[in-house]
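Chemist: To start, I am sharing the structure in question, which I have written as structure tokens.
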Amino acid sequence: MSATPTPDAAGQRPARWRWGRWLSGVFAVAVVALLAWAARQVDWDEVGDALRQLPLGVLIAGAALCALSHLIYSGYDLIGKRWAHHAVPTRRVMLITFISYAFNLNLGSLVGGVAMRLRLYAREGLRHPVPAKILALSMASNWLGYGLLAGGLFLFGWLAPPPEWRISAAALRGLGALMWVIVAAYLALCAFSRRREFRLRGHDFFVPSLRIALMQLAISSANWLTMGAVLWVLLQQGVDYGHTLSVLLVAAVAGVIAHVPAGLGVLEAVFVAFLGPTLGHGQVLAALIAYRALYYLAPLSIAAIAYFVLEAKART
Numbered sequence: 001m002s003a004t005p006t007p008d009a010a011g012q013r014p015a016r017w018r019w020g021r022w023l024s025g026v027f028a029v030a031v032v033a034l035l036a037w038a039a040r041q042v043d044w045d046e047v048g049d050a051l052r053q054l055p056l057g058v059l060i061a062g063a064a065l066c067a068l069s070h071l072i073y074s075g076y077d078l079i080g081k082r083w084a085h086h087a088v089p090t091r092r093v094m095l096i097t098f099i100s101y102a103f104n105l106n107l108g109s110l111v112g113g114v115a116m117r118l119r120l121y122a123r124e125g126l127r128h129p130v131p132a133k134i135l136a137l138s139m140a141s142n143w144l145g146y147g148l149l150a151g152g153l154f155l156f157g158w159l160a161p162p163p164e165w166r167i168s169a170a171a172l173r174g175l176g177a178l179m180w181v182i183v184a185a186y187l188a189l190c191a192f193s194r195r196r197e198f199r200l201r202g203h204d205f206f207v208p209s210l211r212i213a214l215m216q217l218a219i220s221s222a223n224w225l226t227m228g229a230v231l232w233v234l235l236q237q238g239v240d241y242g243h244t245l246s247v248l249l250v251a252a253v254a255g256v257i258a259h260v261p262a263g264l265g266v267l268e269a270v271f272v273a274f275l276g277p278t279l280g281h282g283q284v285l286a287a288l289i290a291y292r293a294l295y296y297l298a299p300l301s302i303a304a305i306a307y308f309v310l311e312a313k314a315r316t
């Protein structure tokens, strides 16, 4: 439990407390600047036009699935809570994860996935290495479920690469098999490793139990499946669900490789390449713009308010 600094004999706050307040202000200004930058990247007229093209029932179903996906993702750090046995309340853990995920989607992993999450946990009194362990476990969870689903879909040929892509169907199946091997190796390590901490090139690695690993696998898979359902609904079921999910998984890793905040342009390019010939470019782009509005922008607006409320409470 952390204690609030008290004035010294001269009635002045400790220097460390004053530096903390100054750094908090700088961080808040940086967050506002990043939000303003993100808002300028959005063509709001295009977003409005795309939303008006889709039936109301489709938008409502898509929004409900978006909310479900964010709720599932907000449970990622609950696995970390169970593992680390820290005392931060469950609702606060889920709120921190939601805020971090919304900022991560729109502004990149360094801002949301790392800086925002570590800062908010520090506000709750958690000290190194606990926040870092929670962050690492959450990131591993996300890609563990990805590897299971993408590996299966690629291995069993759910997705045929476009002719202009320089990757063959056989190479994609080989990639899927490799993903399953990595997932199996992680589960085996968690099940049979006698050491639970490793140090490699100056970095500490922590190995959870098999029970924790299976929880990671389940919640991450559920989240990726729900994200695929969002796009499948917004595409008005124009293609089968498995195909839509496969394209999403390709787009996700392409966005990571491209290092573009929010995967701007990458998501659209991948979906148009795979689904444009079948559904038409207009329908695909309208669905993707609606997806960005519902899954990225709406949660970001809520997360920004929640973040500044937490900051204000922390200052008092």
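Heads up, the sequence shown is in the working numbering, so the first residue is 1 and it goes up one at a time. Glycine residues also receive a C-beta, built at the ideal position from the N, C-alpha and C atoms. All values derive from a computational prediction rather than experimental measurement.
(1) Just how far apart, CA to CA, sit Phe27 and Leu297?
(2) I need the straight-line Cα distance from Val58 to Arg194, nearest angstrom please.
(3) Check whether chain C comes within 8 Å of Val130, counting only Cβ atoms and requiring the distance to be less than that.
(4) Would you kindly work out how many angstroms separate the C-alpha atoms of Tyr307 and Met116, rounded to a whole number?
(5) Is the separation between the beta-carbon of Ser138 and that of Gly80 shorter than 8 Å?
(6) When you compare each of Ser221, Val230, Leu189 to Pro333 by their alpha carbons, which one comes out closest?
(7) Less than 8 Å separating the beta-carbons of Thr144 and Ser246?
(8) Assign Val119 to one of two classes, buried (16 or more other C-beta atoms within 10 Å of its C-beta) or exposed (fewer than that).
(9) Could you pull out every residue in the same chain whose Cβ sits closer than 7 Å to the Cβ of Leu231, ignoring the five residues on either side in sequence?
(10) Could you tell me the boundaries of the alpha helix (DSSP H) in which Met227 lies?
(11) When the distance is taken between beta carbons, is Leu105 closer than 8 Å to Thr226?
(12) Relative to the C-alpha of Gly157, which candidate in Gly147, Asn142, Gly176, Ala140 has its C-alpha closest?
(13) For Leu56, tell me which candidate among Asp204, Asp240, Leu148, Gln236 has the shortest Cα-Cα distance.
(14) Since Leu153 and Val183 should fall inside the 8 Å C-beta cutoff, what is the C-beta to C-beta distance between them, to a whole number of angstroms?
(15) Could you tell me the alpha carbon to alpha carbon distance between Arg199 and Ala132, rounded to whole angstroms?
(16) What's the C-alpha gap between Ile289 and Glu197?
(17) Keeping to the same chain, check which residues put their C-beta closer than 7 Å to that of Gly276; ignore five residues upstream and five downstream.
(18) For Asp77, list the residues DSSP reports as bridge partners.
(19) So the candidates are Ala87, Arg52, Ala136; which of them puts its Cα closest to the Cα of Leu126?
(20) Return the chain-ordered list of same chain residues with a C-beta closer than 7 Å to the C-beta of Ser109, the five sequence neighbours on each side being excluded.
(21) Cα-Cα, which of Arg82, Leu54, Gln53, Ile96 is closest to Leu71?
(22) Who does Asp204 pair with in a DSSP beta bridge?
(23) Short check: CB of Met94 to CB of Ser74, under 8 Å?
(24) Should Val233 be labelled buried (16 or more other beta-carbon atoms within 10 Å of its own) or exposed?
Modeler: With the structure as the only source:
(1) In the sequence shown, the residue the question calls residue 27 occupies position 27. In the sequence shown, the residue the question calls residue 297 occupies position 297. For Phe27, the pLDDT reaches just 46, beneath the cut-off of 50, and the residue's location in the model is therefore unreliable, although a value from the coordinates is still provided. Going by C-alpha positions, Phe27 is about 21 Å away from Leu297.
(2) Working through the sequence shown from its first residue, we reach residue 58 at position 58. Working through the sequence shown from its first residue, we reach residue 194 at position 194. For the pair Val58 and Arg194, the Cα-to-Cα distance works out to about 50 Å.
(3) The chain inventory of the structure shown lacks chain C, comprising one protein chain alone.
(4) Position 307 of the sequence shown, counting from 1, holds the residue named residue 307. Position 116 of the sequence shown, counting from 1, holds the residue named residue 116. In this model, Tyr307 and Met116 are separated by some 9 Å (Cα to Cα).
(5) Position 138 of the sequence shown, counting from 1, holds the residue named residue 138. Position 80 of the sequence shown, counting from 1, holds the residue named residue 80. Inclusion of Ser138 and Gly80 in the CB contact set at 8 Å is warranted, their separation being smaller than that value.
(6) This structure leaves residue 333 out entirely; the chain is present only between 1 and 316.
(7) Taking the sequence shown and counting its residues from 1, the one referred to as residue 144 is at position 144. Taking the sequence shown and counting its residues from 1, the one referred to as residue 246 is at position 246. It is Leu, not Thr, that sits at residue 144 in the sequence shown. For Leu144 and Ser246, no; Cβs fall outside 8 Å.
(8) By 1-based counting over the sequence shown, the position of residue 119 is 119. Checking the displayed sequence, the identity of residue 119 turns out to be Arg instead of Val. Burial is judged here by how many other beta carbons sit within 10 angstroms of a residue's own beta carbon; Arg119 has at least 16 and is buried.
(9) Here residue 231 refers to the residue found at position 231 when the sequence shown is read from its first residue. If we look at Leu231 and ignore the five residues flanking it on each side, its Cβ neighbours are Thr244, Leu248, Ala287, Tyr291.
(10) Numbered from 1 along the sequence shown, position 227 holds the residue referred to as residue 227. Its alpha helix (DSSP H) spans residues 210-234.
(11) To locate residue 226, count along the sequence shown from 1; it is residue 226. To locate residue 105, count along the sequence shown from 1; it is residue 105. When the beta-carbon positions are compared, Thr226 and Leu105 stay at least 8 Å from each other.
(12) In the sequence shown, counting from the first residue as 1, residue 157 sits at position 157. Checked all of Gly147, Asn142, Gly176, Ala140; the closest Cα to Gly157 is Gly176.
(13) For this step, residue 56 is matched to residue 56 along the sequence shown. When only C-alpha atoms are compared, the closest one is Gln236.
(14) What you label residue 153 is simply residue 153 of the sequence shown in a count that begins at 1. What you label residue 183 is simply residue 183 of the sequence shown in a count that begins at 1. With a Cβ gap of about 13 Å, Leu153 and Val183 do not count as contacting.
(15) Within the sequence shown, the letter at position 199 stands for residue 199. Within the sequence shown, the letter at position 132 stands for residue 132. So the two alpha carbons sit approximately 14 Å from each other.
(16) Counting from one through the sequence shown, the residue named residue 289 turns up at place 289. Counting from one through the sequence shown, the residue named residue 197 turns up at place 197. Just so you know, the alpha carbons of Ile289 and Glu197 end up roughly 44 Å apart.
(17) Locating residue 276 in the sequence shown gives position 276, counting from the first residue. The beta carbon of Gly276 sits closer than 7 Å to the beta carbons of Val284 from its chain, once the five residues preceding and following it are set aside; these are given in chain order.
(18) One-based indexing of the sequence shown puts residue 77 at position 77. In the DSSP secondary-structure assignment, Asp77 is not bridged to any residue.
(19) By one-based count along the sequence shown, residue 126 stands at place 126. Nearest option by C-alpha distance: Ala87.
(20) Position 109 of the sequence shown holds residue 109. So no residue of the chain qualifies.
(21) Within the sequence shown, numbered from 1, the residue matching residue 71 stands at position 71. It is Ile96.
(22) Counted from its first residue, the sequence shown places residue 204 at position 204. Bridge partners of Asp204: Arg199.
(23) The sequence position of residue 94 within the sequence shown is 94, counting from 1. The sequence position of residue 74 within the sequence shown is 74, counting from 1. Contact: yes.
(24) Position 233 of the sequence shown, counting from 1, holds the residue named residue 233. When all chains shown are included, Val233 counts as buried.
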